[in-house]
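> The numbering of the sequence shown is the working numbering, which starts it at 330 and goes up by one. Think of the CB as a built atom: it goes at the ideal place given N, C-alpha and C, for glycine as much as any other residue. This structure is a prediction, so every number in the text was calculated from the model and none was measured.
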Amino acid sequence: MLEQSSKVLAYPASTERDIISLNNWVEGTSCLARQDSSYLDHKDDLMNLTGPVDNAITRTESVVEDSMFGLRYYLLRYTPLSKMKQTQNFTGDEHILLLGPKWRRFCRDITTWLATMVLIIPVVLLDNIASSTGRLITIVISSGFFLSVLSLLTEASTVDIFIPGASYTAVLAVFASNNISTTMIKAD
Numbered sequence: 330m331l332e333q334s335s336k337v338l339a340y341p342a343s344t345e346r347d348i349i350s351l352n353n354w355v356e357g358t359s360c361l362a363r364q365d366s367s368y369l370d371h372k373d374d375l376m377n378l379t380g381p382v383d384n385a386i387t388r389t390e391s392v393v394e395d396s397m398f399g400l401r402y403y404l405l406r407y408t409p410l411s412k413m414k415q416t417q418n419f420t421g422d423e424h425i426l427l428l429g430p431k432w433r434r435f436c437r438d439i440t441t442w443l444a445t446m447v448l449i450i451p452v453v454l455l456d457n458i459a460s461s462t463g464r465l466i467t468i469v470i471s472s473g474f475f476l477s478v479l480s481l482l483t484e485a486s487t488v489d490i491f492i493p494g495a496s497y498t499a500v501l502a503v504f505a506s507n508n509i510s511t512t513m514i515k516a517d
């Protein structure tokens, strides 16, 4: 019993977006009586049965979904495509959009490129900044931004955020100091 309780408690909580989506679907299809869907009012008792989620990918998927709905709304409302409303639905309900494997891969690619940019842009900046003060300011801002992104996109604990942050800051500091030495040697 303790083992089963531990497994159940390990499931992540349902997100507000998931609850709203499910509630909209229930209200839109009218397939359940109001008392049968009243569990949606108890948000603290709901959990995500699919298991742990990658917050970075989930957030990217949310942005892509919102963008697709917004673009679809704009195209159907303000262009000649409005006559094609019925043929453009991915599902039978125009309010439901299910991302397929290609879209999920696209979201993963976007997240990967964003992470790459967060890591690489400070290195490029440090390579092009000559002053020690400018490099130090770049390291401070880059490390703070890195920690903010890490905190926003993951459910990591403080220690789990501190360790990669310290490592990243140390790498930037070593890169900046090596670059300063190289610059000083070239100047001599």
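1) Could you spell out the range, first to last residue, of the alpha helix (DSSP H) harbouring D395?
2) Taking DSSP as the reference, what is the three-state secondary structure of M446?
3) Less than 8 Å separating the beta-carbons of I386 and T445?
4) For L443 and S496, I'd like the C-alpha separation in whole angstroms.
5) Check A342 in the structure and name its three-state DSSP category.
6) So what does M376 bridge to, in DSSP terms?
7) Under the rule that 16 or more other beta-carbon atoms within 10 Å means buried, what is T379, buried or exposed?
8) How should S471 be labelled, buried or exposed, when 16 other C-beta atoms within 10 angstroms of its C-beta is the threshold for buried?
Let me lay it out:
1) Taking the first residue of the sequence shown as position 1, residue 395 is located at position 66. Here the alpha helix (DSSP H) through D395 covers 384 to 407.
2) Position 117 of the sequence shown, counted from the first residue, corresponds to residue 446. In this structure, M446 counts as helix in the three-state DSSP scheme.
3) Here residue 386 is taken as the residue at index 57 of the sequence shown, counted from 1. Here residue 445 is taken as the residue at index 116 of the sequence shown, counted from 1. No, the pair does not count as a contact, with Cβ atoms beyond the cut-off.
4) Locating residue 443 in the sequence shown gives position 114, where the first residue counts as 1. Locating residue 496 in the sequence shown gives position 167, where the first residue counts as 1. Each residue's alpha carbon lies about 19 Å from the other.
5) Position 13 of the sequence shown holds residue 342. Strand, per DSSP.
6) Position 47 of the sequence shown, counted from the start, is the residue given in the question as residue 376. Answer is A342.
7) Start at 1 with the first residue of the sequence shown, and residue 379 comes out as number 50. With fewer than 16 other Cβ atoms within 10 Å, it is exposed.
8) The sequence position of residue 471 within the sequence shown is 142, counting from 1. By the neighbour-count rule (16 or more Cβ atoms within 10 Å), S471 is buried.
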